[in-house]
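Below is one structure, written out as structure tokens; the observations come after it.
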Amino acid sequence: MEFSTACPRSKPPPPPGFAPPPSEDEECGNGMELNFIESAKESLEEVGKVKTAFESKALVLQRIQLMDALRKKVKQNDGCTRLIMETMKDIIKLNWEVFQAHQQARVIRENLNDIRRKRYFLKQAEEEKVLQIFTRKRKKKEVARMKMTEKLKLLHRNAQHERKVIMLIQNILQNIIVGCRINWAEDPSLKAIILQLEKEISIQNLL
1 MEFSTACPRS KPPPPPGFAP PPSEDEECGN GMELNFIESA KESLEEVGKV KTAFESKALV
61 LQRIQLMDAL RKKVKQNDGC TRLIMETMKD IIKLNWEVFQ AHQQARVIRE NLNDIRRKRY
121 FLKQAEEEKV LQIFTRKRKK KEVARMKMTE KLKLLHRNAQ HERKVIMLIQ NILQNIIVGC
181 RINWAEDPSL KAIILQLEKE ISIQNLL
């Protein structure tokens with residue numbers, strides 16, 4: 001029987017930066033670890049629930065024991081019992097006063113909310129009223145400005161019309177004087193009229 005002396009062929013190393021895939025043993029180990037963590041979480045939750053339930057039951061038991069002890073103590077009808085009864089009456093009275101205080105506080109809160117709502121609505125109404133007054137004043141100013149503009153335009157048109165009429169009358173007078181072939185330069189009154197007409201015509205042309 002012959003044995004081979006050749007060395008077994010080794011696997012080539014993985015390239016740098018390349019993580020080899022996990023083996024079956026590693027995958028199995030990871031799965032067991034995850035299962036253990038989940039089981040531990042569930043166990044902690046169960047322990048928390050049991051602890052809460054135990055504390056609640058212990059509190060109920062303590063209350064029952066306290067009430068039973070108070071009941072037995074009341075039956076004895078001694079000085080301590082009277083003190084307990086007075087204390088319980090004081091507690092009941094204080095509880096009633098606390099209840100009434102809560103009721104009064106609730107009424108005060110409701111009244112305060114009503115006041116805030118009324119203030120809000122009043123503020124809105126005030127703002128709307130101020131806006132209406134402002135709008136009304138602005139409209140009045142706009143109407144007054146438009147009326148003034150129309151009045152100025154009318155006055156300007158009337159002035160233009162009167163100026164044209166005056167110029168027409170002046171031209172007619174000049175034509176009459178020239179047409180009559182009167183030597184107005186020798187007549188001081190006519191000369192003054194002609195010069196005044198020319199002066200007014202020059203002024204109107206400048207306007």
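Per the UniProt record's numbering, the sequence shown starts with residue 1, numbered consecutively. All C-beta atoms, glycine included, are put in the ideal place defined by N, C-alpha and C.
- Query: Taking one C-beta from the stretch 174-181 and one from the stretch 189-198 each time, how about it: are there three or more such pairs within less than 8 Å?
  - Reply: yes
Compute the distance between the beta-carbons of residue 84 and residue 70, then report whether it is under 8 Å. yes
Taking DSSP as the reference, what is the three-state secondary structure of residue 186? coil
Note to self: Can you give me the C-alpha to C-alpha distance between residue 189 and residue 167, rounded to a whole angstrom?
What the structure shows: 20 Å
| query | DSSP state of residue 181, grouped into three classes? | reply | coil
Q) Taking the alpha-carbon positions, what's the residue 36 to residue 80 distance? A) 58 Å
Compute the Euclidean distance between the alpha carbons of residue 178 and residue 143, then round it to the nearest angstrom. 52 Å
Alpha carbon to alpha carbon, what distance is there between residue 61 and residue 123?
59 Å
Euclidean distance between Cα positions of residue 99 and residue 120:
31 Å
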